[in-house]
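Contents: one structure, followed by commentary.
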Amino acid sequence: MRLIEDFSLSAVVAGFVTVLVGFTSSAVIVFQAAQALGAGPAEIASWMWALGLAMGLTSIVLSLRYRVPVVTAWSTPGAALLVTSVAGISMPEAIGAFIVCGVLITIAGATGWFERAMARVPVAIASAMLAGVLLRFGMAAFTSLQSQFVLVLAMLGTYLAMRRLKPRYAIPLVLLVGTVIAALQGQLHLGEVHWQLASPVFTMPTLSWQALLSVALPLFLVTMASQNIPGVAVLKASDYHPPLSPVIASTGLTTVLLAPFGAFAINLAAITAAICMGREAHEDKDKRYMAAVAAGVFYVIVGLFGATVAALFAAFPKELVLALAGLALINTIGNGLLAAVKDEAQREPALITFLVTASGLTLSGIGSAFWGLVAGGLAYVALNWRR
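Last residue of the sequence shown? That's 371 in my numbering, and every number before it is there in order.
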């Protein structure tokens, strides 16, 4: 009964936008990672089947369990790592490494050390990191005007009008207007979509020291540093506090179970999760978990149809996706900046976190979100030690 009461169109659209942005922004990297291991079309479809089911089921189950918008995702930095680090490693060895990575994630969650570490991150710094991560998406909504002026301007005008009249339905109508204009301009290529169910392909895992050292351990580290830490920061900045230990352990266990089919690493989402946590998903903060549930359902559909769904998301113009994501995240960016600068004692460390994160800095294969937290943490200690 509560699910029916909490259901809303805005939550469903937020869930769809979450999957649309997540898939179009990084699916090609996952395809490249699979191909680097010698995967053919059947194996690639199996990877999408396993990843879609893993993300979908964990998002649905965890969101319903804690009534919090918990969105999971594949490890995009992990996929990029695989593209460059699997030379000389066979698919069975890589699958074995995926399982070991999942075991390590499960241990990190079950022991509680990850939750204890994240509890020490100040809210201002977490909020600044969130704003820094999302900044480029907000700016991309407006730079898209350069290549698709009419399309993006119409979406922006629709957003402003609906925010004045019916704020809850702003993003659904923006998506509708953008889709209609793209279709009228001949930029919506739905004719290339051919639906076909995916068939899972099981690969018997094997273990090798080379794969453990060059794949399993780096994949674990980059997933925790570049994905789970920002994912927790997004939850914290949005004032959601689910028990992190079982959440992280669940993503690790799911990785272990579906790794033989291609689920290389599942973790908390950050950028896409923010779409489900803003007012566009629902005015009532306690009902936004339905957006994550909707995202989970769409991810399951993606998994069932495997790589075929790539054609569906590729049918949308790139500028439409960028504008949609940027407009959906405007309020989240604003709330993050407000929380970052509100406390004067934490303002400078938070701004340092924001600038480093927004810079896109990458060191040792780890993205700017992690280094933003490190820089902000060091600045916080330096400026507030023994005060």
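We put the beta carbon where it would ideally sit given N, CA and C, even for glycine.
Residue i: which of the options sits nearest, CA to CA?
i     : options                  : result
Q330  : H173, G360, E267, L311   : G360
L157  : R(-14), E264, E(-11)     : E264
I79   : D270, A258, F245         : F245
A115  : T239, E77, A323, S192    : A323
F248  : L313, A195, Y273         : A195
V286  : A92, L304, P151, A34     : A34
A112  : V365, S348, A342, T346   : A342
A307  : F(-9), G141, S47, L88    : G141
M261  : M274, N251, Y50          : M274
L205  : T60, A23, A110           : T60
L46   : R148, N251, A11          : N251
S198  : A243, V67, W369          : V67
A166  : R147, F289, G24, F133    : F133
N368  : L129, E328, V5           : E328
L(-7) : L172, L159, A38          : L159
L48   : L88, A11, R(-14)         : R(-14)
S314  : L119, L191, L4, A26      : What sits at residue 314 in the sequence shown is Ile, not Ser. It is L119.
V358  : V281, V5, G72, I109      : I109
L88   : G72, R147, G236          : G236
A182  : G(-1), F(-9), R370, F289 : F289
V164  : R148, V136, M146         : V136
W193  : E332, L149, I73          : I73
L4    : L191, V281, V340, L339   : V281
A385  : L168, A253, V240, L339   : No answer is possible for residue 385: it lies beyond the span of the chain, which begins at -15 and ends at 371.
F7    : Q130, V340, A253         : A253
Sort out for me which residues DSSP pairs residue i with in a bridge.
i    : result
L252 : T56
Looking only at its chain, what residues have a beta carbon closer than 6 Å to the beta carbon of residue i, apart from the 5 residues adjacent to it on each side?
i    : result
A257 : V55, V218
L41  : none
G344 : S352
L21  : V70, M75, A78
S222 : M261
S30  : P184, V185, F245, G246
S10  : T60
T337 : I109, A112, M113, G356, G360
A26  : V185
R147 : A154
A17  : A63, L66, V67
L129 : V136
F121 : A309, G310, L313
T458 : Because the chain spans -15 through 371 in this model, residue 458 falls outside it and cannot be assessed.
Please state whether the Cβ-Cβ distance between residue i and residue j is less than 7 Å.
i      : j      : result
P189   : I83    : yes
V277   : I(-12) : no
G36    : Y283   : yes
P226   : V105   : no
G62    : T207   : yes
L311   : Y143   : yes
G170   : M139   : no
I13    : A64    : yes
M32    : V216   : no
T90    : I259   : no
I255   : V107   : no
D(-10) : K271   : yes
A309   : G(-1)  : no
I155   : V(-3)  : yes
Looking only at its own chain, which residues have a Cβ that is under 7 Å from the Cβ of residue i, when we skip the five neighbours before and after it?
i    : result
S229 : G93, A94, G96, E99
Y50  : P226
L242 : A34, L37, A38
A233 : T90, G93, A94
L191 : G80
F15  : I28
Using a Cβ-Cβ cutoff of less than 8 Å, which residues in the same chain neighbour residue i once the five nearest sequence positions on both sides are dropped?
i    : result
L347 : W355
L203 : S59, G62, L65, L66, A81, F82, C85, F248, A249
L335 : A112, A324, V325
E332 : A363, L367
L172 : T163, A166, A299, F300, P301
L149 : none
Examine the Cβ distances between the region 205 to 214 and the region 299 to 319 and report whether three or more of them are shorter than 8 Å. no
Segment contact flag, the region 119 to 128 with the region 265 to 273, C-beta cutoff 8 Å, min 3 pairs: no
Count the CB pairs spanning the region 82 to 100 and the region 300 to 310 that are closer than 8 Å, and state whether there are at least three. no
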